[in-house]
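Residue numbers (the numbering used here), protein chains in the order written: chain A, 10 to 235; chain B, 3 to 303.
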Amino acid sequence: MPWRRPTNSGEDSMETELPSISEEEKDTLQEIMNIAFGKAAAELAEVINIFVVLSVPYIKVLKAEDLPEYLRYEVRDFSTISIVEQNFWGKFRGGAFLVFPADAGKALITMLDAEHETTFESGSMEILEKETLMEVGNILIGACVGKITELLGDVVTYSPPTVLVENKPHDILPERLFDPEYTAIVMKTVFRFDERNVSGFLFLVTTQDSMEWIKQSLAEFLEHYE
Amino acid sequence: MNELAQILDSVNLGLVILDTQLRVRYWNRWMETHSGIPAEQLVGSSLFDFFPSLNTPRFQRSCKSVLTFGNFSFFSQKLHHFLFPFRPESSFESRFERMQQSCSMGPLRDEDNAITGLYLTVQDVTELAAYEHRLLEMNMRDGLTGVYNRRFLEKRLEEECARHARYGRGFSVIMFDIDFFKNVNDTYGHLCGDLILKNISGTIASLIRKTDFLARYGGEEFCCLLPETVLASATLLAERFRTTIVEMKHVYQGMEISVTVSLGVAEMTAGLPSFEALLKKADGALYEAKRAGRNRVVVRT
């Protein structure tokens with residue numbers, strides 16, 4: 010069942026209020042993400058030996074104030090989660106949230122060969138786990154966002170990633186990044202590291218500020234194909 | 003020299019530019035100062051020629067993700083301690099052999115947005131890391147005696163019990179308490195009491211192994227964790243604690259004061275449900291030692 014904003018009245022009046030994007034624009038954006046994620050996955054495998062499968066993305070337009078609830082709903086199957094959050098700035102701007110099941114950090118440490126790289130004192134296993142999530146998150150978010158913006162003709166910079174380890178899903182609160190009155194485009198994809206049997210969600214949330222630019226870039230993107 | 007170049011050479015931050023082959027293109031004054039390698043000697047060479055320790059999978063992966071995806075990469079002090087093996091700036095800092103660094107890396111692009119290289123920033127966070135260490139220490143040590151505090155002891159105890167459950171080797175604890183300590187405080191004052199607490203904890207700490215943990219458990223009560231130790235050895239050690247303390251002379255304002263201790267010894271066994279139960283058992287033995295006349299060791303099997 011897809012997530013729907015809870016409304017007091019029976020009719021769903023919210024959708025019409027949003028400065029929304031058209032179905033065609035949505036399809037185009039989805040197509041761009043598809044291409045971007047395909048390229049990102051291929052290059053991650055080729056360049057740094059990280060093998061990740063990225064599912065066909067799903068796009069949803071909603072009001073920013075509904076974001077936390079939407080994200081909570083989407084990850085409801087995880088009892089505890091770890092989240093890597095990273096913001097990006099450019100004409101394309103917003104936040105990326107990578108949601109892992111809580112124990113993913115341990116499984117990914119060996120993927121990066123991180124256990125050999127540092128002499129860490131006892132008790133710093135937590136740190137190693139956290140740093141591993143952060144690095145994998147940084148790489149995956151960077152690759153995905155980087156490829157999308159590249160296709161849309163922009164370059165973005167990133168904030169350092171932050172990580173929340175082993176939280177309850179209700180702790181996802183990206184709202185401070187967004188004005189609740191604003192519209193957000195959420196792009197959701199499922200990622201899977203087959204080798205490690207780890208999978209989770211990547212949410213890219215863009216703000217209303219970049220809406221005009223996205224619409225324009227989508228139009229330009231289409232022109233190349235017509 | 004233009005203004006920006008002057009700034010790059012005077013900021014308190016290491017700045018490096020590498021080309022796509024990871025050859026050094028720029029090395030600012032800060033890097034020259036701390037590495038002792040002048041830019042002209044190093045520019046044009048591979049960074050790894052001068053810093054082979056940087057040639058790790060993680061560093062390579064970071065460079066590649068920056069050069070391929072335009073990612074930004076971050077090397078935290080917590081995990082990496084440092085990228086470049088420099089000496090700490092202040093000679094007063096003896097805690098770290100190397101300057102602790104927080105580093106970041108990002109892409110550099112030409113007018114067409116093609117990636118032409120990467121930049122590295124190196125920030126000296128030694129002082130911050132030292133503060134953090136000090137705070138962590140304060141959080142686990144007793145302010146008066148310098149031995150571990152109760153919070154740390156309980157955390158450690160839980161870990162040691164888990165280890166015991168896994169490997170099943172001996173694990174014992176000694177609880178001890180200074181006899182008639184209230185009388186000492188009432189007669190000679192609290193400063194004298196403090197002195198005795200310090201003397202005793204210092205002496206006991208010198209009798210145990212590096213792998214044992216001595217903690218101040220309460221006012222004049224101490225607890226000693228002895229991993230990999232069976233009850234018989236722990237009992238011998240407790241007896242040694244007792245005889246050593248009996249012989250100690252505490253000198254306070256020209257007066258010589260002697261005290262005794264009562265000790266309780268217990269070992270972790272499969273039947274004990276938790277680490278609290280182990281402490282309770284040792285505490286019970288200590289109580290028994292008190293009741294039986296003090297200055298003695300009681301063992302609970």
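Every residue, glycine too, gets a C-beta built ideally from N, C-alpha and C.
Contained beta strand (DSSP E) runs [length at least 3] in the region 65 to 134 of chain A, N- to C-terminal order = 67 to 72, 90 to 98, 103 to 110
Please go through the same chain and pick out, in chain order, the residues whose beta-carbon is closer than 7 Å to the beta-carbon of B/Val309, but skip the five residues on each side of it.
-> In the structure as shown, chain B starts at 3 and stops at 303, and residue 309 of chain B therefore has no counterpart that could be examined.
Residue ranges of each beta strand (DSSP E) within the region 172 to 231 of chain B, 3 or longer | 173 to 180, 215 to 218, 223 to 229
So, is the C-beta of A/Asn43 closer than 8 Å to a C-beta in chain B?
-> Proximity of A/Asn43 to chain B, defined by a Cβ-Cβ separation below 8 Å, is not satisfied.
Applying the criterion that 16 or more other CB atoms from any shown protein chain within 10 Å of the CB defines a buried residue, is A/Asn206 buried or exposed?
-> exposed
Minimum C-alpha distance to B/Val26 - residue among B/Ser55, B/Ser48, B/Ser37 = B/Ser48
Work out the CA separation of B/Val175 and B/Arg298 for me, nearest whole Å.
-> Cα to Cα, B/Arg298 sits roughly 16 Å from B/Val175.
Would you call the CB atoms of B/Phe98 and B/Ala131 closer than 8 Å?
-> yes
Within-8 Å CB hit, A/Thr9 to chain B = Given that chain A is displayed from residue 10 to residue 235, the structure contains no residue 9 of chain A and the question cannot be resolved.
Could you check the C-alpha separation between B/Phe71 and B/Asp21 for me, to the nearest Å?
-> 15 Å
With a floor of 4 residues, list each alpha helix (DSSP H) that falls wholly inside the region 92 to 164 of chain B, ordered by position along the chain.
-> 128 to 142
Between B/Glu306 and the rest of its own chain, which residues show a CB-CB distance below 6 Å, the 5 nearest in sequence each way excluded?
-> Outside the shown range of chain B (3 to 303) lies residue 306 of chain B, about which nothing can therefore be said.
Provide the residue span of the beta strand (DSSP E) that contains A/Thr192, from first to last.
-> For A/Thr192, the enclosing beta strand (DSSP E) covers residues 192 to 202.
Does DSSP classify A/Ile4 as helix, strand or coil?
-> Outside the modelled stretch of chain A, which goes from 10 to 235, sits residue 4 of chain A, for which no answer is possible.
Run the CB neighbour count on A/Gln225, radius 10 Å, all protein chains shown included, and call it buried at 16 or more, exposed below.
-> exposed
By a C-beta neighbour count over all protein chains shown, 10 Å radius and 16 as the cutoff for buried, is B/Ser375 buried or exposed?
-> In this structure chain B extends from 3 to 303, so residue 375 of chain B is not present and cannot be described.
Run down chain B in chain order and give the residues with a C-beta less than 7 Å from the C-beta of A/Gly155.
-> Chain B residues near A/Gly155: Phe71, Gly72, Asn73.
Within 8 Å (strictly less), CB to CB, does B/Arg63 reach chain A?
-> yes
Can you name, in chain order, every residue of its own chain whose Cβ lies under 6 Å from the Cβ of A/Phe97, other than the five neighbours on each side?
-> Val154, Val165, Tyr167
Would DSSP call B/Val45 helix, strand or coil?
-> coil
Give the DSSP bridge partners of B/Ala268, in chain order.
-> B/Val175, B/Arg302
Measuring alpha carbon to alpha carbon, tell me which of B/Pro229, B/Lys251, B/Ile210 ends up nearest B/Arg242.
-> B/Ile210
At 9 Å on the CB atoms, spell out the chain B contacts of A/Glu138, in chain order.
-> Under the 9 Å cutoff, chain B gives no residues; its nearest Cβ is about 10 Å from A/Glu138.
Quick one: what's B/Trp29 bridged to in DSSP?
-> B/Val18
Measure the beta-carbon distance from B/His83 to B/Arg100 and round it to whole angstroms, keeping in mind my assumption that it falls under 8 Å.
-> 7 Å
Between which two residues does the alpha helix (DSSP H) carrying B/Gly286 extend?
-> 277 to 293
Leaving aside the five residues before and after B/Arg158 along the sequence, list all residues of the same chain whose C-beta is less than 7 Å from its C-beta, in chain order.
-> Phe215, Leu227
Residues in its own chain within less than 7 Å of B/Phe53 by CB, not counting five upstream and five downstream?
-> Phe86
Report the option in B/His166, B/Asn187, B/Ser104, B/Ile247 whose CA atom is closest to the CA atom of B/Thr271.
-> B/His166
Limits of the unbroken beta strand (DSSP E) element including A/Thr215 = 207 to 215
Can you name the start and end residues of the alpha helix (DSSP H) that A/Ile223 belongs to?
-> 220 to 232
Compare the C-beta of B/Leu20 against all C-beta atoms of chain A and say whether one is closer than 8 Å.
-> no
Using a C-beta cutoff of 8 Å, does A/Ala152 count as contacting chain B?
-> Under the 8 Å criterion on CB atoms, A/Ala152 is classed as interfacial with respect to chain B.
Pull up the distance between the alpha-carbon of B/Phe173 and that of B/Tyr289, whole angstroms please.
-> 21 Å
Classification of A/Ile90 by the beta-carbon crowding that lies within 10 angstroms, buried from 16 upward | buried
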